[in-house]
Amino acid sequence: MARSSGTFGTEMYRRRTARKMSLASLARMTFYSKGHLSKVENGRKAPSPELVRAVDLALAANGALLALAAADHVVPETGGIDSWWVMGGGPDGNPVLASVACREVLDAPTLSVIDPRPRRLLPPRTDELPARLWTGWLADVRRLGQCADPRNVLPTVLGQLQSVIGFARSARGADRAELYITASRYAEYAGWMLQEAGANAQAQRLTQQAIELAAAGGDRTMARHALTRQALMALYDGDHVTTVRLASRAAADTTMPPRLRGLAALRQAQGYALGGRSDKFERTMEHAKRLLARQAGERCATALGGSAIADPAAATRGWALYDLGRHQECAVILEREIRRIPGDARRAYARYATRCALAHAEARDLEPACDLTRTLLPWIGDLGSTTIRQDLRQLARRLRRWSGHELVHDLLPDLKLALI
186 MARSSGTFGT EMYRRRTARK MSLASLARMT FYSKGHLSKV ENGRKAPSPE LVRAVDLALA
246 ANGALLALAA ADHVVPETGG IDSWWVMGGG PDGNPVLASV ACREVLDAPT LSVIDPRPRR
306 LLPPRTDELP ARLWTGWLAD VRRLGQCADP RNVLPTVLGQ LQSVIGFARS ARGADRAELY
366 ITASRYAEYA GWMLQEAGAN AQAQRLTQQA IELAAAGGDR TMARHALTRQ ALMALYDGDH
426 VTTVRLASRA AADTTMPPRL RGLAALRQAQ GYALGGRSDK FERTMEHAKR LLARQAGERC
486 ATALGGSAIA DPAAATRGWA LYDLGRHQEC AVILEREIRR IPGDARRAYA RYATRCALAH
546 AEARDLEPAC DLTRTLLPWI GDLGSTTIRQ DLRQLARRLR RWSGHELVHD LLPDLKLALI
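Numbering (my numbering), first residue to last: 186 to 605.
Now the structure itself:
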């Protein structure tokens, strides 16, 4: 079959032959069969993100093959949640529970910031329920989200979101602004839970609503932080170009607090690593650390960004080294960082521990890879995380290379069962 110019397969073939490397040699280096690689080169099979990364590393392409694959990459819209229980108002003003489509929930007027109609479904006074109570409940629901399935957390988050919007509409002055800002944090967290549940399109819509709510309270930082959130979605979709583009815009905004700019720069660095750009990764990591060193003030429930990771820069560096093919370094850093994660932050622990196990597996250090994975098995079903499952499935594929190893042989059936 003739190769069309400009395709991933064409460039893969050109680079392989330029290095005088046989398909058999490339197959041994990447753990893909000769037949599979041949089909990719000839355009008969689309390369997976894992194959692209493995071939880019094996051919020392320094991200060129990753960039070429990304140019043709189209991310399918994920499914996820079709419906959930929500609370609405009946004709007599009493609350009514109904199971409705997610699309209907997100289109509902009760979730709209711009609603000119007077609404008195909730008490108009806020002095008996100050914003600090809502921030306390947000902290509680975030803790719940660290150990529970997002499908079970979302009804609570959305119900509280609707309630705090109602209170904000009825409030005046500083109370009104503070409540709208608090509502924006609920919406942002709901977007994160939707992403964890695999509903990326709906997550984008909640993130947009968070921007509108924050703006109604006079807070413009959410609009830039939302770029970092959207960059994270692109990162999990394997789209390093979009990750860098979005995160760099947030990191460059000097009106943002240093901490949020630093977190955006960390995401930008991850994008460079995903694209195989080690030089840009290192420079951006240094920039991120300088920004994070300037952060001031204590964290609170309404602060944007995660809070379960003690050293975001170190954890991000460990994460990104996996994408750069530096698996042993990745494992060393992440082993250290996961020991610093609080015991109740299971979602954060599982995310980084899975990445660490992947790094051990790639480095052929099978005992710690299996031991670490086995500690995660009881949590996989409870967490209901699409993104963590994505890495665990990749880990299962990697471990199957050594299915004859005793520990791997014992682990694989249990891992397969946990991923059902």
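From the three backbone atoms N, C-alpha and C, an ideal C-beta is built for every residue, glycine too.
What you are looking at is a predicted structure, and each value in this text was computed from that prediction instead of being measured.
When DSSP labels each residue in this structure, what does residue i get in the three-state scheme?
i      : result
HIS590 : coil
ASN337 : helix
SER463 : helix
GLN480 : coil
CYS332 : coil
MET133 : The requested residue 133 is not part of the displayed model; the chain covers only 186 to 605.
THR202 : helix
PHE216 : coil
ASP496 : coil
GLY194 : helix
THR413 : helix
GLY566 : helix
THR501 : helix
SER233 : coil
ILE523 : helix
ASN385 : helix
LEU509 : coil
ILE605 : coil
ASP556 : helix
MET441 : coil
If you drop the 5 nearest sequence neighbours on each side, which residues of the same chain put their C-beta closer than 8 Å to that of residue i?
i      : result
ILE608 : The question about residue 608 has no answer, for the chain in this structure spans 186 to 605.
ALA254 : PHE193, PRO232, PRO234 and VAL237
GLN345 : TRP319, TRP322, LEU323, VAL326 and TYR371
ASP496 : GLU522 and ARG525
LEU597 : ALA581, LEU584, ARG585 and SER588
Rounded to whole angstroms, what's the CA-CA distance from residue i to residue j? Just pull it up for me.
i      : j      : result
LEU477 : ARG370 : 21 Å
PRO335 : MET214 : 39 Å
THR440 : VAL429 : 19 Å
THR571 : PHE193 : 28 Å
GLU606 : LEU222 : This structure does not reach residue 606, given that the chain is present from 186 up to 605, and the question cannot be answered.
GLY460 : SER348 : 43 Å
ARG204 : GLY220 : 20 Å
ASP325 : THR341 : 11 Å
ALA416 : VAL593 : 34 Å
ASN337 : THR202 : 53 Å
ALA530 : ARG328 : 7 Å
ALA212 : ARG582 : 16 Å
GLY358 : THR406 : 20 Å
ALA356 : LEU379 : 29 Å
CYS332 : GLY383 : 17 Å
LEU420 : THR427 : 8 Å
ASP241 : TYR365 : 47 Å
TYR498 : ALA454 : Sequence check: residue 498 is Ala here, not Tyr. Their Cα atoms are separated by approximately 10 Å.
ARG444 : GLU547 : 33 Å
ALA500 : ARG549 : 22 Å
TRP504 : LEU339 : 28 Å
LEU584 : GLU514 : 19 Å
Give a single yes or no on whether residue i has its beta carbon closer than 7 Å to a heavy atom of the ligand ZN.
i      : result
GLY461 : As far as ligands go, the structure on display features none, and thus does not contain the ligand ZN.
For residue i, does the count of other Cβ atoms within 10 angstroms reach 16, so buried, or fall short, so exposed?
i      : result
LEU318 : exposed
PRO442 : buried
GLU226 : buried
ARG462 : buried
ASP145 : Here the chain covers residues 186 to 605 and nothing more, so residue 145 does not appear.
LYS601 : exposed
ARG475 : exposed
ASP404 : buried
GLU373 : buried
ALA399 : buried
ALA209 : exposed
ALA245 : exposed
GLY330 : buried
ASP569 : Checking the sequence, you will find Gly at residue 569 rather than Asp. The residue is buried, with at least 16 neighbouring Cβ atoms inside 10 Å.
Under 7 Å Cβ to Cβ from residue i, same chain only, skipping five residues before and after it: list those, please.
i      : result
ARG502 : MET470 and ILE518
ALA542 : ALA554, LEU557, THR558 and LEU580
LEU561 : ALA535, ALA538 and THR539
LEU551 : TRP587, HIS590, LEU592 and VAL593
ALA243 : LEU211, MET214 and THR215
PRO465 : Reading the sequence as shown, one finds Lys at residue 465 and not Pro. Cβ within range, chain order: TYR457.
ALA368 : LEU346, VAL349, ILE350, ALA353 and LEU398
ARG361 : ALA353
Within a Cβ cutoff of 6 Å, which residues of the same chain sit near residue i, ignoring the five residues on either side of it in sequence?
i      : result
ALA449 : THR413, ALA432, ALA435 and ALA436
ALA363 : Here the sequence assigns Glu to residue 363, which means Ala is not the residue at that position. Counting only Cβ-Cβ distances below 6 Å, and skipping sequence neighbours, we find ALA316.
TRP408 : Going by the sequence as given, residue 408 is Ala instead of Trp. Cβ within range, chain order: ILE396.
GLY376 : ALA388, LEU391 and THR392
ARG446 : ALA436 and LEU476
LEU136 : No answer is possible for residue 136: it lies beyond the span of the chain, which begins at 186 and ends at 605.
ALA140 : Beyond the ends of the chain as shown, which are 186 and 605, falls residue 140; an answer cannot be given.
Does any CB atom of chain D fall closer than 8 Å to the CB of residue i?
i      : result
LYS465 : Of the chains in the structure shown, none is chain D; there is only one protein chain.
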